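When we follow the working numbering, the leftmost residue of the sequence shown carries the number 6, and every step to the right adds one.
Just so it is clear, CB atoms sit at the ideal spot from N, CA and C, and this is done for glycine as well.
Only a predicted model underlies this, so the values are computations on that prediction, with no experimental measurement involved.
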Amino acid sequence: MKYFLSFFFSLLVLCSDAQNDPIPAHLNNDIMQKMGYIDPISKDWVIPAVYDFCRPFGPQGSAVVFLNGKAGFVDKTGKLIIPHTFDDAQNFNEDGVAIVRRVGRTDNYDGHQSTNDLFAAIDQTGKLILPYVFRELNDKSFKGTLIGKMEYRWGMVSIKGKEILPFEYHMINVHGSREVAILRKDTLLGVINKDMDMIVPMGDNMARFAGNRRISLYKDGLFGYCDFEGKMVIDYQYAQFAIFREGLCVIKKNGYYGYIDTLGKTVIPFVYDGGEPFVNDTAIVLKQGKVGMINSKNEILVEFIFDKISRFYFPKPPGGFLLIKRDEWYYIDPVTHEITAWDTLNTDDPNLNQPTKEQMKLIDELKKKKEEEKNDDD
């Protein structure tokens with residue numbers, strides 16, 4: 006049985022659906038020791054550390070725990086509700102279904118498949134509701150259905166075992182809202198809704214989800230957009246694919262960039278030489294070789310005097326911005342948009358939103374350069 010690598014542990018904790026759920030933890034905070042669950046506030050043990058590995062609790066109030074190479078399920082009191090009989094298992098989803106895996110025989114490996122394992126699905130009593138016949142199985146699907154792969158093609162089945170879509174597709178991509186899905190068969194793509202109606206016929210249209218309930222389509226070398234009902238809301242007129250964020254999409258037209266809304270109306274004129282999507286009502290744009298920032302009203306938040314502006318989010322949202330003007334570095338607050346010289350910041354302050362590792366590397370190089378210049382002056 007292959008468990009997740011330990012450095013993913015903190016990421017798994019963050020994925021817990023409820024902040025008050027017990028969270029997985031290692032005994033003595035040592036990744037080499039057993040795991041159990043602790044209270045997220047008091048840090049007291051709620052479920053003893055007796056397991057080899059623990060997943061966070063899922064939406065049905067149960068969690069997958071591993072012991073001696075097998076997966077089972079416990080509730081929030083620590084009671085074992087489904088025995089350790091599976092080689093691998095995922096948490097129960099909103100439909101009350103969990104995907105389980107059986108490790109395949111290595112002496113019967115099919116070189117055309119990425120794995121020889123087989124997948125099935127169980128209900129909350131541990132009963133198999135879909136047999137071990139799937140090469141792959143996932144629940145990123147319409148309500149009450151699962152997407153499965155048999156042999157070399159994808160299809161869709163209900164959680165009661167009825168075939169919803171035949172196993173003849175190369176791809177089935179269900180939108181996170183569980184309302185529509187993009188299908189690919191050979192080189193043709195189409196879009197269906199949750200009622201299995203074909204709202205965009207199969208064709209050479211390069212269908213892609215484009216944010217804000219829009220689907221990008223391609224025809225005769227140009228891109229347009231339809232809604233989740235299949236209605237064309239923005240005609241085929243743009244030379245490149247782009248996504249909507251916060252209701253706006255940066256588009257190139259006649260050599261310049263501007264922003265349109267989800268109905269195709271120009272909100273910010275096509276006067277920029279480059280642009281990025283909006284995040285928290287701010288967008289980084291390029292004009293006449295210099296970078297600045299605007300809001301969704303096209304008001305200038307940062308003048309076009311910088312050579313580069315980078316957005317960062319860690320260690321906590323909403324992050325901040327790193328601005329570079331020649332060898333001068335600045336920090337801009339993501340809320341107040343106040344600009345501060347980087348050298349005046351306490352970069353060791355844990356409350357300061359720090360840049361990415363790549364940006365920190367550049368900062369360290371700049372600090373080293375300035376330190377060398379200072380030593381030369383001394």
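- Residue pairing by DSSP puts E333 in a beta bridge opposite K330.
- For the set D92, V69, L194, the Cα lying nearest the Cα of L85 is the one of V69.
- Shown here, L85 sits in a strand according to DSSP, grouped into three states.
- G252 sits close to D266, with the two beta carbons spaced by under 8 angstroms.
- The C-alpha of Y243 lies about 14 angstroms from the C-alpha of L268.
- Selection F147, L133, I127, G160 evaluated against R140 yields G160 as nearest (Cα-Cα).
- With a 10 Å radius around the Cβ and a threshold of 16 neighbouring Cβ atoms, S221 comes out buried.
- In this structure, the beta-carbon distance from L133 to L142 does not fall below 8 angstroms.
- Annotation for S221: the continuous beta strand (DSSP E) segment containing it runs 220-224.
- Distance between Q95 and G83, taken at the CA atoms: about 17 angstroms.
- Within the same chain, G263, Y264, N303 come within 6 angstroms of I273 by CB-CB distance, once the 5 residues on both sides are set aside.
- Across the set G226, N73, A215, I46, the C-alpha of N73 shows the shortest separation from the C-alpha of F91.
- Shortest Cα-Cα distance from G229 to any of G235, Y241, K236 involves Y241.
- For G77, the pairing in a beta bridge is given by DSSP as V70.
- Within 10 angstroms of the beta-carbon of M176 lie fewer than 16 other beta-carbons, which makes it exposed.
- Taking the C-beta atoms as reference points, F62 is found nearer than 8 angstroms to K81.
- Residue range 158-163 is occupied by the beta strand (DSSP E) that includes S163.
- It is roughly 36 angstroms from the alpha-carbon of S146 to the alpha-carbon of N300.
- The three-state secondary structure of N33, taken from DSSP, is helix.
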